[in-house]
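Keeping their order, the protein sequence lines are chains L and H.
The end of the first sequence is residue 187 by our numbering, with every number in the run present.
The end of the second sequence is residue 1344 by our numbering, with every number in the run present.
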Amino acid sequence: MTADWSPLWLSLRVALMVSVVALVIAPWPAWRLARRNWPVVALIARFLSIVPAVIVAALVAPALTWPIAVAAGLVRAVPYTLAVCHTAFQSLNPGYVKAARMTGASGWRIFYTLALPLGGSVVLAAAAEVFSETTLEMAVALWIVGRLSAPPAGAILLTALAGMALALWLRREAAAIPERQARS
Amino acid sequence: MTSIRVKKRVSEAFALEADLSLGPGITALIGPPGAGKTLLLEMLAGLATPDEGRILLDDAILFDGQARVDLPPVRRACGYVSQTDSLFPHRTLRQNLEFAARRFPRLDRHRRVAEAIEHFTLADAAALRPADAGPAERLRCSIARALIGGPALLLADDAGIDGALFALIRAHFRGPILVAARDLDLACTAAAEMALLDGGRIVQRGVPRTVLDQPATIDAARLAGYENLWQGTIATLDRAANQSRVELGGFSLTVPYLPGHLRGDRLWVAIRAAAVRPRRDDAAPAPNVIPAELVRIAERAQSVRLEFAGPIVAELSLSQFAALGDNKSRLVEFPVESLRVIL
């Protein structure tokens, strides 16, 4: 009997869409938050980022279709990516921003010419973590609704681990940047 | 003429309240860390907003609290060299300059970048990222970036610019420069004027030599490097002999006559450590020689620092210290001409 691999493709599709959408949506508000120092909003984002939304969706939704799963995944992924980016952007040397402002660069230009290239590794690491966590959440959700067999579960687990490994590597790269900058 | 009159409350404990005008040359803003030097420079640059006041640059209003004028940084015609290394680390030195010049038309931009590279001898390092360039090249590039837009005023925040680099800047920029620094020697070497900033207030300003030799307040004396500061009272006033005697808690000194003051008036007496002269016991008698207990000897690279009870600090050259011999001083002389009385 051949295994039903559709849960794996569903998990991958949902996780990929969630991470891409979060990657597109979250960094700009995170940059604005980091520049304006609104700790309450950052705290709310942190709080939302710990909600296992896909699992909740599996418990309450009549059928776990991919649009529902993506929507539920974004409830957690966007605040999480926003919170991670917020921390990364806050640690950006304020001297860079001041120097850019002195040249007349707009907030948007500073964002895409400075904040994104310098915080890019952390932003990508957040997306990889979102991908990894969403695949795991999808696995649990599919298991709850009784659609997950052992082979796709193993493949999902391996995919999630690969995502985590990528995220760790990107975070190490990000941590090494200040050291490289300090070298002279 | 640049005129600055600003107030800004940063916290319950600290408020900056500065009134300063800048001449056409270099003005050194001297103060300890936390005095408000960076904040004052940032308010001039438009990176921080004063609570009230007015900033004029060549009679153009940059900020006016009452009229609600607050020009953005790019319209202030100020170049700003920050205290920390602020070159963009992911761009080469040339790209850093290009970023700063990008608001100019293409040909003008290329000309400005090429001139900046030539003026500040950056040709060899232009293709390097800041982390791969040397500290001196990074600093020159920071200055070139600040000047590339053709500012009317250059602001340099304790960036480590030395006398030679100021000379290089002066060769290509004739406008006023306000440099925040902690180095008094730099102020004497390069600056035409000096302003002492302490606790958010300008405590004295003027020609560097005058400020250093004649501190007007006790805070100014501290900032001007007077290590020996004693509070006391006037004990005697002798107009005929043109001298006064002051009691300084434990010892008394003779200072010049203090007209317009009365016995019992409180004052401060200051003297630089290098002007205090430890003497051999067998030396000829002199005024203002007092016995003092030597507490500590600290050797430095080019001098020796003697600390006496009092506290009194003396700094001797190595040869002066050697001349004292074994008799390491139970007597200390305070030359009258080196004493500064602050009333």
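Even for Gly, the Cβ is constructed at its ideal location relative to N, Cα and C.
For residue i, does the count of other Cβ atoms within 10 angstroms reach 16, so buried, or fall short, so exposed?
i       : result
H/Y1081 : buried
H/R1203 : Position check: residue 1203 of chain H holds Ile in this sequence, whereas Arg was assumed. When all chains shown are included, H/I1203 counts as buried.
L/R186  : Here the model assigns L/R186 a pLDDT of 47, short of 50, so the residue's position is not dependable, and the following value carries that caveat. Label assigned to L/R186: exposed.
H/P1288 : exposed
L/Y115  : exposed
H/Y1258 : exposed
H/P1034 : exposed
H/I1062 : exposed
H/E1334 : buried
H/A1157 : buried
L/F50   : exposed
H/S1318 : exposed
H/L1108 : exposed
H/M1002 : exposed
H/D1239 : exposed
Find the residues of chain H that neighbour residue i, judging by a C-beta separation of less than 8 Å, and give them in chain order.
i      : result
L/G110 : Under the 8 Å cutoff, chain H gives no residues; its nearest Cβ is about 12 Å from L/G110.
L/P120 : H1091
Comparing the C-beta of residue i with each C-beta of chain L, is any distance below 9 Å?
i       : result
H/T1237 : no
H/G1024 : no
H/F1089 : yes
H/T1255 : no
H/S1245 : no
H/E1043 : yes
H/R1146 : yes
H/G1150 : yes
Could you give the first and the last residue of the continuous beta strand (DSSP E) run that contains residue i?
i       : result
H/M1195 : 1194-1199
H/F1064 : 1061-1065
H/L1254 : 1253-1257
H/S1304 : 1304-1309
H/S1004 : 1003-1010
H/T1237 : 1229-1239
H/D1020 : 1016-1023
H/L1295 : 1295-1300
H/I1343 : 1341-1343
Which residue comes first and which comes last in the alpha helix (DSSP H) that contains residue i?
i       : result
L/G123  : 119-147
L/T5    : Segment: none, L/T5 is in no alpha helix (DSSP H) and carries neither H nor E.
H/E1138 : 1136-1148
H/L1094 : 1094-1101
L/P70   : 69-93
H/S1245 : Counting along the chain, H/S1245 falls outside any alpha helix (DSSP H), though it belongs to the beta strand (DSSP E) covering 1244-1248.
L/G3    : Coverage of chain L is limited to positions 4 through 187, which leaves residue 3 of chain L absent and any answer about it impossible.
H/T1211 : 1209-1214
So which residues of chain L does residue i contact, with C-beta pairs closer than 7 Å?
i       : result
H/A1046 : M105
At a CB-CB cut-off below 7 Å, which residues of chain H make contact with residue i?
i      : result
L/L117 : F1089
Which chain L residues are close to residue i, counting only those with a beta carbon under 9 Å from its beta carbon?
i       : result
H/P1074 : K101, R104, M105, T106, G107
H/T1085 : N96, P97, G98
For residue i, go through chain L and note every residue whose CB falls closer than 8 Å to its CB, in chain order.
i       : result
H/Y1081 : K101, A102, M105
Give a yes or no on whether 9 Å exceeds the smallest Cβ distance from residue i to chain H.
i     : result
L/V73 : no
### Message
Residues of the segment 1094-1109 of chain H in Cβ contact with chain L at a cutoff of 9 Å, in chain order, please.
### Response
N1097, F1100, A1101, A1102, R1103, R1104
### Query
If you measure beta-carbon to beta-carbon, which residues of the segment 38-71 of chain L are closer than 7 Å to chain H?
none
### Task
Quick one: which residues of the segment 87-104 of chain L get their C-beta closer than 8 Å to a C-beta of chain H? List them in chain order.
N96, G98, Y99, K101, A102, A103, R104
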